[in-house]
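Chains as they are written, first to last, in the numbering used here: chain A, 1 to 352; chain B, 1001 to 1199. No residue lacks a Cβ here, since even glycine has one placed at the ideal position from N, Cα and C.
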């Protein structure tokens, strides 16, 4: 299948995670954006958005820091003025700064006074900041996405997880609802996945709490993973590198802390898009997650992973067979053959 | 879209003349108006907050304390540092107060005065922004190594397998990434810092 005609490029603000902890997001986005004809032109010499840390130390410096990115984006406008950010924290900081400068002339004057020291200037509102997911849903459109699907994710049960900052505060009102938006569900459905109605879809992953208050952070991760498990989801699907890192990297510590044995993979939505578009798992970064998604992806009826020993050998510890409609019963220990397709891996345990 | 009932457009509420000195101080330290003075003490913020259970004061309590002029108690409270910036309170607040921004302002005042609570939070912020000031980009490896050694040495053994995986899977770079025009960024930040102290 050929890629659609490239449109006017969007200005692209990758953020610091995209070639680091969120590398799978960056790699899969490259494949997906090409297939969708979504041209992304990186803002030259962008700097860190400051996350939530800069404003905790200095307000003016935090706004000026983001102001530099907006000014660089404004300079680079060429037929387009839309800035696309894939990371929710980057998106919030860029959108918030532009909104604050638009609505507060005093702040705009201060930020421009600071930018002037670097020979830059930003006219508030001269670029529009949008999150990658929102651009794919609203600009590219679900029909264009469906056209690219060659390997529908049939039988994959996913919990859509947006996190906080994509739909909140939503300064420019792109979303139907800010707490329970459905657009993401529709996108994942368009890929052929079985989408669970996940009530925690805009709950918090804990942000930087895993670094500064593990009690708080691990509890927030527990809620998400436990919630997805209760709904018998195969995996969480996220739109944010920070959410991915928290749920993925800290799941073992969370399990240890609470004496649980959850195994809930979390992938980026672009990775699933890539798979549905027929890309090779490795090319979209499958395997770079800490909590392996291989077993979950094997749930798919159409697209089985054929690599031998690794997946067949070790289904995760606590993985009740969701296809059993029977009352809770002790199960046989011995699962036959590959043990990957719905057979009970949790020998002897009572299904919940 | 349902129209929120507000008396004035966001950001233009004046601080009332009866405001306590501390409420004024907070308003003046904010880079942009937060509307804190319009709080009606409804408690929607604390009821919405995912980390309220770990806060010494709920956001509503903290705002009452700000208005009562309880400066020391507010600046020593862990509450602002426990804010995860999820913006649930912000979109539910009937007065459209920019609550996460209020928390950020309180953190910056506490940080300036050295009255931060004894937690790893302020130090994490400082290490994080230290890297930005030096390189223009975040430096995950340096941040994590420094922060965990200093604050969570006991978590390191448990985290080691996942950390090694991150390195092996190419998700954490040992190298530092710098922006090209670092001098320009430094000049901008320096000027912004001067504006802050003038305010």
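Are residue i and residue j closer than 8 Å when you measure CB to CB?
{"i": "residue 224/A", "j": "residue 295/A", "result": "no"}
{"i": "residue 153/A", "j": "residue 186/A", "result": "no"}
{"i": "residue 1136/B", "j": "residue 1179/B", "result": "yes"}
{"i": "residue 264/A", "j": "residue 231/A", "result": "no"}
{"i": "residue 169/A", "j": "residue 1031/B", "result": "no"}
{"i": "residue 1074/B", "j": "residue 1023/B", "result": "no"}
{"i": "residue 1132/B", "j": "residue 48/A", "result": "yes"}
{"i": "residue 41/A", "j": "residue 11/A", "result": "yes"}
{"i": "residue 15/A", "j": "residue 95/A", "result": "no"}
{"i": "residue 290/A", "j": "residue 297/A", "result": "no"}
{"i": "residue 1108/B", "j": "residue 1029/B", "result": "yes"}
{"i": "residue 1187/B", "j": "residue 217/A", "result": "no"}
{"i": "residue 268/A", "j": "residue 24/A", "result": "yes"}
{"i": "residue 1119/B", "j": "residue 1081/B", "result": "yes"}
{"i": "residue 159/A", "j": "residue 233/A", "result": "yes"}
{"i": "residue 1128/B", "j": "residue 55/A", "result": "no"}
{"i": "residue 1172/B", "j": "residue 253/A", "result": "no"}
{"i": "residue 1104/B", "j": "residue 59/A", "result": "yes"}
{"i": "residue 115/A", "j": "residue 1189/B", "result": "no"}
{"i": "residue 244/A", "j": "residue 22/A", "result": "yes"}
{"i": "residue 1063/B", "j": "residue 1038/B", "result": "no"}
Answer with buried or exposed for residue i, where buried requires no fewer than 16 other C-beta atoms within 10 angstroms of its C-beta.
{"i": "residue 107/A", "result": "buried"}
{"i": "residue 1197/B", "result": "exposed"}
{"i": "residue 1164/B", "result": "exposed"}
{"i": "residue 1111/B", "result": "buried"}
{"i": "residue 1041/B", "result": "exposed"}
{"i": "residue 1154/B", "result": "exposed"}
{"i": "residue 201/A", "result": "buried"}
{"i": "residue 302/A", "result": "Only weak support exists for where residue 302/A lies, its pLDDT of 44 falling under 50; the value from the coordinates is given anyway. Classification of residue 302/A: exposed, given that the 10 Å Cβ count is below 16."}
{"i": "residue 310/A", "result": "Any reading at residue 310/A must be qualified, since the residue scores a pLDDT of 48, below 50, and its modelled position is unreliable; the value itself is stated next. Exposed is the call here."}
{"i": "residue 8/A", "result": "exposed"}
{"i": "residue 333/A", "result": "Caution is warranted here: a pLDDT of 49 is assigned to residue 333/A, below 50, making its placement in the model unreliable, and no coordinate value can be reported."}
{"i": "residue 261/A", "result": "exposed"}
{"i": "residue 172/A", "result": "exposed"}
{"i": "residue 74/A", "result": "buried"}
{"i": "residue 77/A", "result": "exposed"}
{"i": "residue 1191/B", "result": "buried"}
{"i": "residue 1087/B", "result": "buried"}
{"i": "residue 207/A", "result": "buried"}
Whose Cβ in chain B lies nearer than 7 Å to the Cβ of residue i?
{"i": "residue 52/A", "result": "1085"}
{"i": "residue 124/A", "result": "In chain order: nothing, as chain B lies at least about 12 Å away."}
{"i": "residue 45/A", "result": "1179, 1180 and 1181"}
{"i": "residue 20/A", "result": "1140, 1171, 1172 and 1173"}
{"i": "residue 107/A", "result": "1031 and 1032"}
{"i": "residue 194/A", "result": "The contacting residues do not exist; residue 194/A stays about 28 Å from chain B at best."}
{"i": "residue 204/A", "result": "1050, 1084 and 1086"}
{"i": "residue 208/A", "result": "1124"}
{"i": "residue 100/A", "result": "1032"}
{"i": "residue 216/A", "result": "1051, 1054 and 1082"}
Residue i touches chain A at which residues, Cβ-Cβ below 9 Å?
{"i": "residue 1147/B", "result": "211 and 212"}
{"i": "residue 1022/B", "result": "Here the premise fails: no neighbours, minimum Cβ distance about 17 Å."}
{"i": "residue 1193/B", "result": "58, 60, 61, 64 and 114"}
Please look up how many angstroms separate the CB atoms of residue i and residue j, rounded, as I've assumed it's under 8 Å.
{"i": "residue 1085/B", "j": "residue 1056/B", "result": "Their Cβ separation, rounded to whole angstroms, is 18 Å, which puts residue 1085/B and residue 1056/B out of contact at 8 Å."}
{"i": "residue 163/A", "j": "residue 238/A", "result": "7 Å"}
{"i": "residue 210/A", "j": "residue 246/A", "result": "6 Å"}
{"i": "residue 88/A", "j": "residue 165/A", "result": "4 Å"}
{"i": "residue 204/A", "j": "residue 242/A", "result": "Actually they are not in contact, since the Cβ atoms of residue 204/A and residue 242/A sit about 10 Å apart, beyond 8 Å."}
{"i": "residue 1058/B", "j": "residue 1069/B", "result": "That pair is no contact at about 19 Å."}
Residues of chain B with a CB under 9 Å from the CB of residue i: which are they?
{"i": "residue 253/A", "result": "1155, 1158, 1159 and 1162"}
{"i": "residue 256/A", "result": "1158"}
{"i": "residue 157/A", "result": "Here the premise fails: no neighbours, minimum Cβ distance about 25 Å."}
Quick one: which chain A residues come within Cβ less than 8 Å of residue i?
{"i": "residue 1065/B", "result": "The contacting residues do not exist; residue 1065/B stays about 19 Å from chain A at best."}
{"i": "residue 1105/B", "result": "59"}
{"i": "residue 1189/B", "result": "61, 64, 65 and 114"}
{"i": "residue 1077/B", "result": "By Cβ distance, chain A contributes nothing, its closest Cβ being about 14 Å from residue 1077/B, past 8 Å."}
{"i": "residue 1196/B", "result": "58, 59, 60 and 61"}
Quick one: which chain A residues come within Cβ less than 7 Å of residue i?
{"i": "residue 1136/B", "result": "47 and 48"}
{"i": "residue 1025/B", "result": "The premise fails here: residue 1025/B is roughly 13 Å from chain A at the closest Cβ pair, so nothing lies under 7 Å."}
{"i": "residue 1091/B", "result": "168, 169 and 178"}
{"i": "residue 1111/B", "result": "56 and 57"}
- Item | Three-pair Cβ contact test at 8 Å for the segment 23-43 of chain A versus the segment 274-289 of chain A | yes
- Item | Segment contact flag, the segment 1120-1137 of chain B with the segment 188-205 of chain A, C-beta cutoff 8 Å, min 3 pairs | no
- Query: Does the count of Cβ pairs from the segment 1137-1152 of chain B and the segment 1090-1105 of chain B closer than 8 Å reach three?
  - Reply: no
- Task: Examine the Cβ distances between the segment 1035-1053 of chain B and the segment 123-133 of chain A and report whether three or more of them are shorter than 8 Å.
- Result: no
- Task: Scan the segment 1176-1187 of chain B for residues whose Cβ lies nearer than 7 Å to a Cβ of chain E and list them as they occur along the chain.
- Result: In the structure shown, chain E does not exist; the protein chains are A and B.
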